[in-house]
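First comes the structure, then the notes that go with it.
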Amino acid sequence: MVESTLGAILAQTASQSKEPNMTALAFFVSFVAITMGITVWASRRNRSAADFYAAGRRIKGWQNGIAVAGDYMSAASFLGIAGIIGTAGYDGFMYSVGWLVAYLTVLLIVAEPLRNLGKYTLADVLAYRLKQKPVRAAAALSTLTVSGFYMIAQMVGAGSLINLLLKLEYWQAVTIVGVVMLVYVVFGGMTATTWVQIIKAILLILGTIALTILVLAQFNFDMGRLFTEATQVRKTKLVAAAAKDTNVVMINATIPSKKDPNFPDDPSKVTWGMLYIGDGTGATAGSNGEQISITTGPTGVVPGVNITLDQPLAKDFTKGALAVAPSDLTKLVTEAKASDTTVVVSGTVVPKAGSSFYIGNGISDGAIGQSDLKIVSAVAIKDDKGVVTGSTVTLDKPLTNDYAKDTIAGVPTKLLFDAKAGSTIVKISGAVAPKSKADFYIGDGIGDGANGQKGIKVVSTDVGFAVSLDKPLSRDYAKSTMAGIPNDFMKPGGRYNSTNAVAAVPAVPATKDTPEVPAVPAKGKGWGALDLISLGLALIFGTAGLPHILIRFFTVPDAVEARKSVIWAMVIIGGFYIMTTFLGYGAATLIGVANIGIVDSTGKFTTNSNMAAVVLADKIGGEVFFAFVASVAFATILAVVAGLTITASTAFAHDVWLNIVKSGHEDEKEQLIVARITAFVVGAISITLAILMPGANTAALVALAFAVAASSNLPVIVLTLFWKRFTTAGAVGGLLGGLLSSVGLILISYNGPMGYDAPFQLENPGIISIPMGFICAAVCTLLSKPEATSEVKYAEMYFRSETGVGAEKASVH
Amino acid sequence: MAGVAGGGKTQPKGDKGISPKELDKEHFYEEVEKRPEFQELQKAKARFIIPSTIFFITYYFALPILVGYFPDMMDTRVIGQINIAYLFALSQFFMAWILAFMYLKKATSVFDKLTAKIREQAAKLLAEKGA
């Protein structure tokens, strides 16, 4: 995450501000008011369990199709996919493709038998011919886990969104979403939830179509130009305004830690290219900007800090002048005596052997110091936790004076470029920014009559890379203008690749004055193809195991309507997913990868890929449209969260409470009370979990929910429908085996608590956990004795699943 | 809106009076499943669903496999900057839609008619047995 401290960072590209957006608030409130009205209406119709859990099975096929689409196009689809395409290019489209093709599995294999056999939950089908209690318990556990993963992802998305718009604290945002959603579910049941989905799906489609048209309008409706522009995406932006005739610009970048699995083996192999600078609204990178070669050689790109000072410089300073903020930089930890060749300095970075070394009190007449020293070797000093707190440095020659503790000493930071008298901005070398209000010294600093200026304070800083160009700029550019070496976003491999061909920022080899800075690579290492296949497996087999999608088929009168609803859903979802490429490429080319993020109430900008579609709407649609799109995104999340909550509470009330605790002795009133209490509990737990993990990535979390669903639910659904010999042990084994292997692999992957050191290096566990689900189900079946009842009832189940004889009917009102 | 309906306790309507309880007679299902109409339904479904499933899974996984293992080949630009990878991904949408509509057509014209016949026969058979 790149962070910057200036609130004005997006000022000229977007209307994002520190203030709450009142138009968006108005849209929010009207959406909530309308859906609350529906909830009141629906609550009057909720008389029976079938009404509460399955909307009385009176929803028409086309209506349910829209509702399925609404339930499915979650924060991950609208915010997540546009974000991945917008920040990594083509690979994000793989999510879109998988999530649509997945409906063929639902249509051809699952939807109709499920509608014919089930009543309210997935467990109804799984336990049909098997022992009720163990199967229902395992199925309920799986449903709660899948819905939980899915729910946290939505809550995290909602938190960021409200944070962006209303500038509320993250926990307040999550709590509001949770409470509104609970009202829908507890009072309105499935009927209200269905209508909330339908309204939301229509709003989402309209918003996406409008946004797509606006994106294409920016390219005069020439798609070829959009795609051409997408081959020249700059991932970085100017961190400081660049004036005409200068030949240096500062661009932002992150410096990866060595723990990152993407840390390049040989950063020096990255070659320089052209720097593209411009606002990207033109048809080509050059039309509203220009392309200039980066000066070749190791000084072409160096890490630097752009510093704004509280007062102008009194005279000109030339490149290379010493410029330090001593309160933040390294100092002597212990006093040093003349003739010492070893000194101990503070700092979290160990200086490199061969770097030049500076010691002295800096700027003042009569200052004493030495700047002609070189480092022979440096050894890290670590505290008990292994954190580097300083270094013991051996120098090439002895000190000529005594120096007290806290004297400035270390690898000096210097002016990267000439600074003119009257300027308040200087650019210094180094990757560490001084704190604001730190004292700042500039000058050559050494010896009697030191030639410099002091009494200046740092106002603000921007860390980045200073890029030297081989000719001066032809015009002025504002801060935040897109600038960088172009990335080809049409090319596969931006997220999942094995060669890591395109680096966001090239590596900077060490020079005598600067530490080595590695390239900033794209995500994913070495497993490109397997990562894609594993993700694909989770996506296309996960949908057919998602409880909140499957229970939607119980809301229609019969299997024929269930089939129609899948077709309707596929048309809507497919159209939507094709448009995600326009949103994603639009965001990459029109806003710039580095500008996709949130400005919070303190004015701090944080990159956040989930915000691509919303920030895009802000830039090209104006304030009202931005507010509309943002509230659509909010409605999207609210509706999906409601769908998940009703799924979880149905699973608990119907499977656990009625069929396990009460052994099937039905008491509708009691059951509905239990369902509502469960909804409260589920809501409260997910609100708490979402508050605890604000940094989680919504698209990745949802893909994990798909992996769990594909590994635990799908194998058991398929085997119970088509394998006569299938037993209770097989069902429980398959459900738990798939669940444990998928969740276990997630925990030991780099998405889990171990981070980059984790042993499992695939992003998605599907390629291992889905076969595991099938193997566990098959092995447990074959190891258990054949179940007579299961095989006798198979004929009945099979007949009913194929013909719909005896299927649950719509309730008559 | 009488509001008397219970979860699945309603008498089925338009189902020739078959209710799940009545159907729980021994060997009833084995018998109806042996009937030619049911066998025909099975065959018709298998003939469509099995090849379609194999086809769509193969077609789908060709995408991540080709993109993953042959990124440079898939990056060949075809129309302007649009490459094979993008067009192939786009074709997946049309593949899914076309297959879905083919299934819908087949189901409406063949499966549903056979199902209706089978349900009628099952009702008749049940009436005979009950008699």
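Chain order of the listed sequences is A and B.
At position 114 of the first sequence the residue is numbered 114 (my numbering), and the sequence of numbers has no breaks.
Throughout, my numbering is defined as the position within the second sequence, counted from one, plus 1000.
All C-beta atoms, glycine included, are put in the ideal place defined by N, C-alpha and C.
Predicted, not measured: the structure shown is a model, and the values here were computed from it.
Item                                                                                                                                                                       : Value
Around the Cβ of A:Q197, are there at least 16 other Cβ atoms within 10 angstroms (buried) or fewer (exposed)?                                                             : buried
Of all the CB atoms in chain A, is at least one closer than 8 Å to the CB of B:P1036?                                                                                      : no
What is the residue span of the alpha helix (DSSP H) that A:I34 lies within?                                                                                               : M22 to R45
Using a Cβ-Cβ distance under 8 Å, would B:Q1092 count as near chain A?                                                                                                     : yes
By the 10 Å Cβ neighbour count, where 16 or more other Cβ atoms means buried, how is A:V379 classified, buried or exposed?                                                 : exposed
Which parts of the region 169-214 of chain A are runs of the alpha helix (DSSP H), unbroken and 4 residues or longer, counting only runs that do not cross its ends?       : 170-183
Counting only runs of 4+ residues fully inside the region 1066-1092 of chain B, write out the alpha helix (DSSP H) ranges in chain order.                                  : 1071-1074
Tell me which same chain residues have a C-beta within less than 6 Å of the C-beta of A:I551, skipping the five on either side of it?                                      : T647
Using the DSSP secondary-structure output, state which residues sit across from A:E290 in a beta bridge.                                                                   : A:I277
Which value, in whole angstroms, describes the spacing of the CA atoms of A:F582 and A:S436?                                                                               : 40 Å
Would you call the region 1052-1070 of chain B and the region 61-72 of chain A in contact, with 3 or more CB pairs under 8 Å?                                              : no
With burial defined as no fewer than 16 other Cβ atoms inside 10 Å of the residue's Cβ, what is the status of B:F1094: buried or exposed?                                  : exposed
Straight-line CA distance for B:K1113 to A:S142?                                                                                                                           : 37 Å
Rounded to whole angstroms, what's the CA-CA distance from A:L672 to A:A653? Just pull it up for me.                                                                       : 8 Å
At the level of alpha carbons, what is the spacing between A:K315 and A:L206?                                                                                              : 59 Å
Can you tell me whether A:L638 is buried or exposed? The criterion is at least 16 other CB atoms within 10 Å of its CB, across all chains shown.                           : buried
Considering only C-alpha positions, which residue in the set B:V1067, B:K1043 and B:A1122 is nearest to A:I533?                                                            : B:V1067
I want to verify the contact list: residues of chain B whose CB lies under 7 Å from the CB of A:Y72, in sequence order.                                                    : Under the 7 Å cutoff, chain B gives no residues; its nearest Cβ is about 14 Å from A:Y72.
Could you tell me the alpha carbon to alpha carbon distance between A:V708 and B:F1070, rounded to whole angstroms?                                                        : 29 Å
Could you work out which residues of chain B lie near A:K491, taking near to mean beta carbons separated by less than 7 Å?                                                 : D1075
Suppose contacts are defined by Cβ-Cβ distances below 8 Å. Is A:V376 in contact with A:T394 by that definition?                                                            : yes
Whole angstroms is fine: what's the gap from A:S480's alpha carbon to A:M274's?                                                                                            : 19 Å
Can you name the start and end residues of the beta strand (DSSP E) that A:Q370 belongs to?                                                                                : G369 to K382
Residues of chain A with a CB under 8 Å from the CB of B:P1064: which are they?                                                                                            : M94, A529, L532, I533, L535 and G536
What's the call for A:G98, buried or exposed, on a 16-neighbour Cβ count within 10 Å?                                                                                      : buried
So, with DSSP's three-state summary, where would you put A:G804?                                                                                                           : coil
Drop a sphere of 10 angstroms on the beta-carbon of A:W41, count the other beta-carbons inside from all chains shown, and report buried for 16 or more, exposed for fewer. : exposed
On the DSSP letters alone, give me the boundaries of the alpha helix (DSSP H) that A:Y358 sits inside.                                                                     : Unbroken run through A:Y358 is the beta strand (DSSP E), S356 to G360; no alpha helix (DSSP H).
Relative to the C-alpha of A:I292, which candidate in A:L182, A:T803, A:P472 and A:G528 has its C-alpha closest?                                                           : A:P472
Along the beta strand (DSSP E) that carries A:L395, what are the first and last residues, could you check?                                                                 : V388 to L395
At a CB-CB cut-off below 8 Å, which residues of chain A make contact with B:E1033?                                                                                         : A795, Y798 and F799
Just confirm the distance between the C-beta atoms of A:K319 and A:D418, as a whole number of angstroms; I'd bet it's less than 8 Å.                                       : 5 Å
Please list, in chain order, all residues of the same chain as A:Y798 whose beta carbon is under 7 Å from its beta carbon, the five residues on each side excluded.        : none
Run through DSSP, which three-state label would A:K133 get?                                                                                                                : helix
What first and last residue would you give for the beta strand (DSSP E) that runs through A:K427?                                                                          : I425 to S429
The beta strand (DSSP E) that contains A:T342, what's its start and end?                                                                                                   : T342 to S346
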